[in-house]
Every structure is written in C-alpha cells, then in structure tokens.
Amino acid sequence: MTPTAPPPPREALAYLRAKGYKIAWDYRDLWKEEHVRAFTVAKAMTQELLIEIRQAVDAALAEGKTFKQFQDELEPLLGKRGWLGKVLMEDGAMVELGTPRRLKILYDTHMRTARAAGQWVRIERNKAALPYLRYGLGPSREHRLQHVQWEGLILPVDAPFWDTHLPPNGWGCRCRVRQMTERQASQRGGVSEAPEQKTTLWENRRTGKVEEVPVGIDPGWNVHPGKARLSHTQTLGKEKDIEFRSIVGTIR
C-alpha cells in the first residue's frame, strides 16, 4: 500500500497566500510587519520573476517538497530569466542572485515563517486546553548562546515574551515551541520566570533608522508573524467595511 502524503498545512498556506507583492533591492527595504504583508525577494526586480518564485515557494509548502526538490525545479526558471549565480552590475558591483546559498535562505525563511504563523492560529484555537508554550531547540548543528539559554522555558501563551521571541528568531534558526497542558507544564518543572529582555541598538543602513533589538534575535526577526498576520487581516476587514458602508450606507 502506497503511503499518502500528509495534508498541506492549511493555516500556513493561508498566511503565504494572503501576501501581496513588493519589489525591493534589499531585504531591509521592507521591515518586520511589512514582510508579513508582502512577498518579496531581494533583487528580484520584475513582477514576473517574483510571481514565479512565489509559485515555487507555494508549491513547496503545499506539497511538502524538500529544498533539493525546490531548487531543482526553480533553477531552470531562474536561468531563463538570467537570475542565477552572481551578476556584474552596471556600476561594477558583483551581486549574488539565485545562488544555492540564497535559494536555501529563501526556502528556509518562507517555509519557517509561514509555518510559525500557521502554528499560531492553532495555538490561539487551542489555548484554553493548552495554555502554555515551551521553547525548544531545533535540529541545528550549532545553536546561538541565547537560544540555548531559552531552551525549556515554559510561559503562558499570552506572555509578552512570545511577541518578540516566538521562533524562528533569526536566519537559519530552527528553534520551535510546543504547546502544553497545565499538567504537562507541571511535569516539566512548572511555569518559568520570564527572562529579562535585554536589547541592543541596531541601525538599518538602508533607511538610517535606529531601533532596539532583543539580544539573541537577528534584526528584523523580532516580530510575531502570527499576530502580525491577524492584525493585518483585521485591518483589511475594517477597511473593506468602511468602503462598503461609504457605497451603500449604513443598514438600519
């Protein structure tokens, strides 16, 4: 009997498919919540190219494709558009386009943020029965020191800590959270004391803006994709309601 593939992650797909498009030269041109609202790939400067990459990401998520499968299917398309390898620009600068390293970053980033946003929908749905989250390290060979210190941390689902520290917490981060019952949390030692959230100043050299970033979180990753997506959805709903009422008037 041939095993069937697992069903596509519905909530993660909904997160990915709700995004618009945004052309940008550098990932820092869009920031935090802007990446939640728009699909972008640095230096993918035409809408046609961006659409092709997004379709490949969507298929990889929906069908559970490995990075190798994703890479093998996408590279021929990128080659036709001249978006493979490194390219010498008119100003003499050598820029990295569709190299294996960049494609791996692209794949990992979109897969993990979409799954994190999808997981949050389920966390919210089940938090009455599973009111706690436990921070866990992923299968990486090496781990950031701060992430090791958070391993095993148990906090309520609604703890402010998760607003900035819900994994993934940086480029290549494979950390994760597990939702737990009160009994499971007790068996693991009970609820932890929320760690002090130290910050450091970081300048976005693309915009000149300076902001505080939590120590242990890569700049730009201190955003909660699940909550940001829900907030964006609610904003769109209010805007559509206002537009509808302006056309037909308030129904009494």
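The sequence shown runs 23 to 274 under the working numbering. Glycine included, C-beta positions come from ideal geometry on N, C-alpha and C.
- The way I'd put it, the segment 86 to 102 doesn't touch the segment 162 to 179; fewer than three beta-carbon pairs between them come closer than 8 Å.
- Tyrosine 43 has Phe61 as its beta-bridge partners, per DSSP.
- The continuous alpha helix (DSSP H) containing lysine 90 extends over residues 89 to 102.
- Taking 8 Å as the cut-off, the beta carbon of glutamate 173 is found closer than this to the beta carbon of glycine 158.
- With respect to alanine 181, alanine 207 sits apart: the two C-beta atoms are not nearer than 8 Å.
- In this chain, isoleucine 239 is not harboured by any alpha helix (DSSP H), its DSSP state being neither H nor E.
- A straight-line Cα-Cα distance of about 8 Å links proline 189 and threonine 135.
- Shown here, tryptophan 224 sits in a strand according to DSSP, grouped into three states.
- For lysine 108, DSSP records a beta bridge to Glu118.
- Bridge pairing for glutamine 201: Leu155 [DSSP].
- Valine 232 and glutamate 225 have their C-alpha atoms roughly 4 Å apart.
- At the C-beta level, glutamine 69 and tyrosine 43 come within 8 Å of one another.
- The residues Lys54, Glu55, His57, Val58, Thr186, in chain order, have a CB closer than 8 Å to that of valine 245 in the same chain once the five nearest residues on each side in sequence are set aside.
- Taking C-alpha positions only, alanine 34 is separated from glycine 140 by approximately 4 Å.
- Here leucine 175 carries a coil assignment [DSSP, helix/strand/coil].
- Annotation for tryptophan 193: no alpha helix (DSSP H) segment contains it, and DSSP assigns it neither H nor E.
- With respect to the 8 Å criterion, arginine 156 and valine 199 are classified as neighbours on the basis of their beta carbons.
- According to the DSSP secondary-structure assignment, valine 232 is paired through a beta bridge with Glu225.
- Following the DSSP letters along the chain, one finds aspartate 80 inside the alpha helix (DSSP H) bounded by residues 69 to 85.
- In this structure, glycine 192 lies away from aspartate 130, with their beta-carbon atoms at least 8 Å apart.
- A Cβ-Cβ contact shorter than 8 Å links leucine 83 with proline 31.
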